[in-house]
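J.: Pasting in a structure now, in structure tokens, and then I'll have a few things to ask.
There are 2 protein chains.
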Amino acid sequence: MENFTFCSPTEFVFGRDTEKEVGQLCCKHGASRVLIIYGGGSVVRSGLLQRVEQSLTTAGLSYETLGGVKPNPEDGLVREGIRKIQNMSASAPVFLLAVGGGSVIDTAKAIACGACYDGDFWDFYIGKAKIQRALPVGVVLTIPAAGSEGSGNSVITNTATGQKISLRSPEHLRPVFSIMNPELTYTLPPYQTASGICDMMVHIFERYFTNTPETNITDHLAEGVLRSIIEQAPLVMQHPQDYGARANIMWAGMLAHNGLCGTGHVEDWASHFMEHELSALYGVTHGAGLAVVFPAWLTVVSRSNPKKAVQLAVRVFDVPYEGRHEQEIIAEGIARLRHFWTSLGLPSNMRELGITDPDIDLLVHNLHETKGEPIGNYVRLDRILTREIYDHTR
Amino acid sequence: MENFTFCSPTEFVFGRDTEKEVGQLCCKHGASRVLIIYGGGSVVRSGLLQRVEQSLTTAGLSYETLGGVKPNPEDGLVREGIRKIQNMSASAPVFLLAVGGGSVIDTAKAIACGACYDGDFWDFYIGKAKIQRALPVGVVLTIPAAGSEGSGNSVITNTATGQKISLRSPEHLRPVFSIMNPELTYTLPPYQTASGICDMMVHIFERYFTNTPETNITDHLAEGVLRSIIEQAPLVMQHPQDYGARANIMWAGMLAHNGLCGTGHVEDWASHFMEHELSALYGVTHGAGLAVVFPAWLTVVSRSNPKKAVQLAVRVFDVPYEGRHEQEIIAEGIARLRHFWTSLGLPSNMRELGITDPDIDLLVHNLHETKGEPIGNYVRLDRILTREIYDHTR
């Protein structure tokens, strides 16, 4: 186990009707003026935005709104948010309230650090500047997937450069509170629910696949969260209004990405980097992209580094192991993982993802242009290996 | 799942040599004058206290010390600490630094809230007053067991009344930081290591045994931490200087009690209440007392409420279940749990705990005098049932 620090100061307020507490929670965390960030029409149509506004008004808070965040959120809206804050009366600092899923929260985080910086916010994402200060962010979560409600991460796409980059700053970007009401996820389209489930599972895999020794406790935590997701996912797909299943999936999504499953690990993240190129180029849903990339990644890396893939197959997918060769166990584990994801309606290759003729040269080029070479830690991947992984996704 | 809030703001600094950062961490968390609380001679003999003092001095901090905390910590030293703080120059608030295990941390927490209150600190423990404010507490952990390094709990014994009471105030009593270096636990006596392991397991059981439905994710988390403890404990007993095993056990002890394994549960805590009477009356080591009380509790409550005991037996102790009656599965699960604890050198009954003729009338009387009737939630226990459980411990 490597030395680590871990701190998860976000106040999670979980359960039925908890969005009604949003005004009080903003006050508790020092808000006076609020900028509400949200995405498309569903937050409006469902009446959630109105309920949130009502709660803020009742708590005596003034607010403005910034809608229009899209999946794979872009730099343009971040800059619009920063300008909006600069134009809001300067009597007190602005509190950012993200009402939505990962894209909305990530946009709020980008605005939060960008608004406290003289240069362009993108400097933080390309490593040109380090965050010194950020505005506080609160969350009303509507899509369990990205885990952004409990993490210090934010992923933004720069439309001019085509780069999709993840920024990590646990000290500055963890939300101060996150309201998590599973009922708000009842109306999610099945494909989005399934993509979210895949995303949270891969958040665990990125930490689980490590060469760090002595990770017994975090391995068991990760396996426990994975088993829970695998048990609850079919319930959620069959009965979208099953409160318990929705609640378990929602909490699992937070646990998958707040760092707890990776304390003391050297983490990997190659699958995420490879998927980011896919969604930057083809605009696919992140979780669905991962359902295609991750099994290909696991197939290739397990050839030279089988250990954790065997453990996953046996402990999470109950693959029988006695008297069998480890590559056979791994193949069955990957088959079961693929089968689980396709049973949720997720794609298993580029074609099913809607990409009939992927430009693999360009994907490989963009990947290493952004992330250098090699990438990943469980197996260090050069261009030859990342090309092979992309080839496997056809 | 019940609605819940969860917030664990403690900064955990985990790994080799991390105690060297104590001065810096105190400064980061606003300290200027520090009161170091510690227990017996081992912290002095090992040189740890000196290293901590050195780090504070290097960081420019002034400090005083208060030693002498004993296992099952008492009110007397808490009052001494509060007086000491009142006598320390009042130029800046005091920062409390606990260097030790649960007893030392719990004493520091009692001083932390008592020093900010005009009445007697014991008012908080008997529910006569509610904490409004507390001094910050930092921790250098030397005994993984109580989980106090990550919890908002404190257990103190009042020598005048003979009461041993647990106070819970997550908002005010969670440490601001906890330094956790597994190497500091190498020299723990085997009996203390084993008692700590039992204590952390029962912290999980108190949350695991619930009638709350829809707890799939927390059940899996709890089972994962339990499996890890069961796998790592024998390594720690056989090789006290096995860094990885010590590290896994140390982190498991925190996870067992920071609330994560019980989010959304109605918890039980009857076993802890029953053990507290045992250690208040006979001065036994808390974890060893639990090794005696818990299996007796589980035997009695599983008769009328078998569900979770079956799940524990099957999922954690790998008890075969096909074609068997549930009471048979439970009996084998309890036998395996007892066997595991005795294999660590823990007692399985009062006699082995050194109590040849327990005064069960008095134990039952004290228990319900302090805690009312009934106690517990998984099964509500009246005097008849708690007597039966104590009888089972003979």
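Line by line, the protein sequences are chains A and B.
This note's numbering applies: residue -18 is where the first sequence begins, and numbers increase by one.
This note's numbering applies: residue -18 is where the second sequence begins, and numbers increase by one.
Backbone N, C-alpha and C fix where the C-beta goes; we use that ideal spot for every residue, glycine too.
Does the pairing of the stretch 61 to 72 of chain B with the stretch 31 to 40 of chain B give three or more beta-carbon distances under 8 Å?
T.: Touching, no.
J.: Pairing CB atoms from the stretch 338 to 356 of chain B with CB atoms from the stretch 246 to 263 of chain B, are three or more of them under 8 Å?
T.: Touching, yes, given that three or more Cβ pairs across the two stretches are closer than 8 Å.
J.: Using only the alpha-carbon positions, how far apart do A312/A and Q113/B sit?
T.: Each residue's alpha carbon lies about 58 Å from the other.
J.: If you drop the 5 nearest sequence neighbours on each side, which residues of the same chain put their C-beta closer than 7 Å to that of V360/B?
T.: These residues qualify, in order along the chain: V282, S285 and N286.
J.: At the level of alpha carbons, what is the spacing between P355/A and I365/A?
T.: If I take the Cα positions, the gap works out to 10 Å.
J.: So R32/B contacts chain A; which residues on that side make the cut at Cβ distance below 9 Å?
T.: Correct list: empty, because the minimum Cβ distance to chain A is about 17 Å.
J.: Would you verify that the beta carbon of S209/A is, or is not, closer than 8 Å to some beta carbon of chain B?
T.: By this cut-off, S209/A is an interface position.
J.: Determine which residues share a DSSP beta bridge with Q144/B and list them.
T.: DSSP, once it has assigned bridges, lists N139/B as partnering Q144/B.
J.: Quick one: give me the first and last residue of the alpha helix (DSSP H) that I17/B is part of.
T.: Note, I17/B: premise wrong, no alpha helix (DSSP H); beta strand (DSSP E) at R14 to Y19.
J.: Does the CB of M(-18)/A have a neighbour CB from chain B at under 8 Å?
T.: True, the Cβ-Cβ gap to chain B drops below 8 Å.
J.: With C-beta atoms as the reference, is Y44/A less than 8 Å away from L16/A?
T.: Cβ atoms of Y44/A and L16/A: closer than 8 Å.
J.: Along chain B, in chain order, which residues have C-beta atoms closer than 9 Å to that of W250/A?
T.: Under the 9 Å cutoff, chain B gives no residues; its nearest Cβ is about 21 Å from W250/A.
J.: Who are the neighbours of T(-14)/B on chain A, taking C-beta pairs under 8 Å?
T.: E(-8), F(-7), V(-6) and F(-5), listed in chain order.
J.: Is DSSP giving T46/A helix, strand or coil here?
T.: DSSP places T46/A in strand when its eight states are reduced to three.
J.: Pull up the CB-CB distance for R227/B and Y167/B, whole angstroms please, since I reckon it's below 8 Å.
T.: Right, their Cβ atoms sit about 7 Å apart.
J.: Can you tell me the Cα-Cα spacing of N139/B and L334/B, whole angstroms?
T.: In a straight line, the C-alpha of N139/B is about 23 Å away from that of L334/B.
J.: What are the complete alpha helix (DSSP H) segments, minimum 4 residues, inside the stretch 105 to 185 of chain B?
T.: As far as the stretch 105 to 185 of chain B is concerned, its whole alpha helix (DSSP H) runs of at least 4 residues are 151 to 154.
J.: G205/A touches chain B at which residues, Cβ-Cβ below 7 Å?
T.: Residues of chain B passing the Cβ test: H201, L202, E204 and G205.
J.: What residues in the stretch 174 to 202 of chain B bring their beta carbon closer than 7 Å to a beta carbon of chain A?
T.: So the close ones are P194, E195, N197, I198, H201 and L202.
J.: Just the Cα atoms here: how many angstroms apart are G28/B and V80/B?
T.: In a straight line, the C-alpha of G28/B is about 12 Å away from that of V80/B.
J.: At 8 Å on the CB atoms, spell out the chain B contacts of G128/A, in chain order.
T.: Correct list: empty, because the minimum Cβ distance to chain B is about 14 Å.
J.: Name, please, each residue of chain A whose Cβ falls closer than 7 Å to the Cβ of N229/B.
T.: The contacting residues are E195, N197 and I198.
J.: Below 8 Å between beta carbons: does that hold for I86/B and E152/B?
T.: For I86/B and E152/B, no; Cβs fall outside 8 Å.
J.: Excluding the five sequence neighbours on either side, which residues of its own chain have a C-beta within less than 7 Å of the C-beta of P163/B, listed in chain order?
T.: Answer for P163/B: Y224, R227, A228 and M231, listed in chain order.
J.: Taking 7 Å as the cut-off, is the beta-carbon of E303/B closer than that to any non-hydrogen atom of the ligand COA?
T.: Of ligands this structure carries none, so the ligand COA is not represented either.
J.: Can you give the Cα-Cα distance for L293/B and G57/A, rounded to whole angstroms?
T.: Approximately 52 Å, taken between the alpha carbons.
J.: Mind checking who V80/B pairs with in its DSSP beta bridge?
T.: DSSP, once it has assigned bridges, lists Y19/B and V121/B as partnering V80/B.
J.: Rounded C-beta distance between T123/B and G82/B? I'm assuming under 8 Å.
T.: Indeed, because the Cβ distance is near 6 Å, the residues count as touching under 8 Å.
J.: Which of the three DSSP states is assigned to F254/A in this structure?
T.: DSSP places F254/A in helix when its eight states are reduced to three.
J.: Can you find the residues in the same chain that come closer than 8 Å, C-beta to C-beta, to E248/B, ignoring five residues on each side of it along the sequence?
T.: Counting only Cβ-Cβ distances below 8 Å, and skipping sequence neighbours, we find E187, R188, T191 and N358.
J.: Using three-state DSSP, classify P(-10)/A as helix, strand or coil.
T.: It is a strand residue.
J.: Can you check whether the CB of K51/B is closer than 8 Å to the CB of G20/B?
T.: In contact: G20/B and K51/B (Cβ atoms closer than 8 Å).
J.: Whose C-beta lies closer than 6 Å to the C-beta of L382/A among residues of the same chain, with five residues either side of it excluded?
T.: Because chain A is modelled from -18 through 375, residue 382/A falls outside the range shown and cannot be assessed.
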